[in-house]
Each structure stands twice: as C-alpha cells, then as structure tokens.
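S.K.: Supplied in structure tokens, the structure appears directly below.
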Amino acid sequence: DAMVIQNPRYQVTQFGKPVTLSCSQTLNHNVMYWYQQKSSQAPKLLFHYYDKDFNNEADTPDNFQSRRPNTSFCFLDIRSPGLGDAAMYLCATSRGHPTEAFFGQGTRLTVV
Amino acid sequence: AQKITQTQPGMFVQEKEAVTLDCTYDTSDPSYGLFWYKQPSSGEMIFLIYQGSYDQQNATEGRYSLNFQKARKSANLVISASQLGDSAMYFCAMSRTSGGYNKLIFGAGTRLAVHP
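First to last, the protein sequences are chains H and Z.
Heads up: the first sequence is residues 54 to 165, going by the numbering used here.
Heads up: the second sequence is residues 16 to 131, going by the numbering used here.
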C-alpha cells in the first residue's frame with residue numbers, strides 16, 4: 054500500500070490561476086518536504102515542516118505557500134502560477150533524523 | 016555550505032555487469048546521512064540505500080552497495096549484475112542539520128542506461 058500519496062498525479066492550470074497540490078502520509082512521520090523538480094534537474098527543496106514548524110528555503114518564491122493542518126496532510130499552494138512553475142512536485146516524509154525518506158509519486162504540473 | 020556532486024551525467028553498462036555511480040559531498044557537519052534514490056521515467060523517487068556518517072561498514076541492500084570513503088567524502092553507489100530495469104536516473108542525496116532538523120538535498124543525478 055502506498056505510504057505517501059500525492060493528488061492529483063497530473064494537474065493542468067491556467068496562468069495566474071491558484072492551484073493546490075496535496076500530499077498525505079500513513080507513516081506518522083514528523084517531517085514533510087515539498088520539492089520542485091524541473092525536467093532533467095535535481096529535486097529542489099522548497100520548504101519542509103518539522104511537526105507544525107514551517108521552514109522555508111531562502112530562495113523559494115513568495116508565490117509558493119504551504120499548509121500542514123495535521124500530521125498526515127500537507128498542501129502546496131501556488132498563488133499565481135507562471136509558465137516557469139511547470140514542473141514535477143514531489144512530497145516526501147521522514148523522521149526527524151532520517152535514515153530514509155519516502156516520496157510520493159509526484160504531481161506533474163502543467164501551466165497553460 | 017553542504018553540497019552534493021555527481022560528475023557523471025550519463026552512464027552505460029552492459030546487462031549483468033557491475034556499474035559504479037560516483038557521488039562526492041561537502042559538509043562541515045560531523046553527523047550526516049547519505050542516500051541513493053532511483054527515479055524511473057514514471058517520476059517516483061525510489062529509496063535504494065542509506066549510509067550514516069558514523070557507520071563503520073559500507074551499507075548493502077541486495078544488488079546495491081555503497082562505497083563510503085569518509086576521508087575522500089565520497090559515497091559511490093555500486094550496482095552489481097545490472098538488469099534492464101535498472102535503467103533510470105539515480106540521485107545521491109545528503110541529510111544535513113539545520114536548526115536541529117535534517118533536510119535532504121540532492122545531487123544533479125546520473126542517467127544510467129543498461130544495454131542488453
């Protein structure tokens with residue numbers, strides 16, 4: 054059974070129209086991460102939560118926000134998607150001192 | 016600053032042969048972890064193997080082993096007996112400590128092609 058689930062797998066949104074990607078986990082891990090991965094590039098960390106503590110990467114655009122209402126769920130909100138935000142978005146979870154981090158299958162975002 | 020370097024953009028290997036994918040890292044933290052992930056064309060990141068900085072022995076998981084050379088700051092992945100299904104992108108990653116939390120950062124990746 055999948056332990057980290059991302060919905061939807063594919064998302065098409067209009068330029069400038071807010072979009073939300075979701076991630077849920079059954080592992081009860083206290084850390085959840087959001088990564089952006091553009092074609093043929095390494096995943097780039099956007100932000101992560103340690104429990105309810107939000108940690109933003111310094112170069113994450115303000116256009117990207119996140120919410121974690123409880124341990125199991127985490128959301129990525131893109132307030133005004135631009136063409137440059139088209140990418141695969143990966144959610145991952147781990148314990149606080151990870152010996153492994155589990156990823157969801159990703160959401161591939163297309164901006165039209 | 017912590018950094019992961021994978022110098023091989025692409026690698027080819029014959030089926031059933033062994034292949035080594037290179038990874039070097041830079042960190043001033045005494046405690047860190049090193050990971051390898053496989054990413055097939057479908058996009059999901061599949062965890063392969065983990066090595067802790069204080070682990071005395073090299074990690075092994077089935078056909079995967081991690082050649083950890085701490086003094087050289089390298090953590091190469093060795094895949095033995097390559098299979099066609101091993102064709103994928105491979106990422107080396109490191110966990111680092113920031114404000115008491117561990118964050119996972121990735122190298123640029125190596126694309127492996129296994130030929131029959």
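Even for Gly, the Cβ is constructed at its ideal location relative to N, Cα and C.
Given the structure is predicted, the values throughout are model-derived calculations rather than measurements.
Would you kindly check if the distance between the Cβ of Tyr103(H) and the Cβ of Asn83(H) is under 8 angstroms?
M.R.: Result yes, Cβ atoms of Asn83(H) and Tyr103(H) sit closer than 8 angstroms.
S.K.: In or out: Asp115(H) buried (at least 16 other Cβ within 10 Å) or exposed?
M.R.: By the 10 Å Cβ count, Asp115(H) comes out exposed.
S.K.: Is there a Cβ from chain H that is less than 8 angstroms from the Cβ of Gly67(Z)?
M.R.: At least one chain H Cβ lies under 8 angstroms of Gly67(Z).
S.K.: List the residues of chain H that Ala33(Z) touches, going by C-beta distances under 9 angstroms, in chain order.
M.R.: None at all; the shortest Cβ gap to chain H is about 24 angstroms.
S.K.: I want to verify the contact list: residues of chain Z whose CB lies under 7 angstroms from the CB of Phe156(H), in sequence order.
M.R.: Simply Glu59, Met60.
S.K.: List the whole-angstrom C-beta distance separating Asp130(H) from Pro61(H), where the pair is believed to meet the contact cut-off of C-beta under 8 angstroms.
M.R.: Actually they do not touch by this definition, with Cβ atoms about 15 angstroms apart.
S.K.: Going along the stretch 38–53 of chain Z in order, which residues come within less than 8 angstroms of chain H, judged by CB to CB distance?
M.R.: The residues in question are Gly48, Phe50, Tyr52.
S.K.: Pull up the distance between the alpha-carbon of Ala111(H) and that of Phe117(H), whole angstroms please.
M.R.: Their backbone Cα atoms lie some 12 angstroms apart in a straight line.
S.K.: What residues match up with Lys18(Z) in a beta bridge as DSSP calls it?
M.R.: Looking at the DSSP assignment, Lys18(Z) forms a beta bridge with Asp41(Z).
S.K.: From the DSSP secondary-structure annotation, give me the bridge partner or partners of Gln59(H).
M.R.: Answer is Cys76(H), bridged to Gln59(H).
S.K.: I'd like the list of long-range same chain contacts for Phe128(H), defined as Cβ closer than 6 angstroms, with 5 residues on each side in sequence excluded.
M.R.: Once the five neighbours on either side are set aside, the close Cβ partners of Phe128(H) are Thr73, Ser75, Arg120.
S.K.: Given that a residue counts as buried once 16 or more other Cβ atoms are within 10 Å of its Cβ, and exposed if not, what is Thr75(Z)?
M.R.: Flag for Thr75(Z) reads exposed.
S.K.: Met141(H) versus chain Z: which residues are under 7 angstroms apart at the beta carbon?
M.R.: Within 7 angstroms Cβ-Cβ: Gly58.
S.K.: Within the same chain, show all residues whose beta-carbon is closer than 7 angstroms to that of Gln21(Z), passing over the 5 residues directly before and after it, in chain order.
M.R.: Counting only Cβ-Cβ distances below 7 angstroms, and skipping sequence neighbours, we find Asp37, Cys38, Cys107, Gly122, Ala123, Gly124, Thr125.
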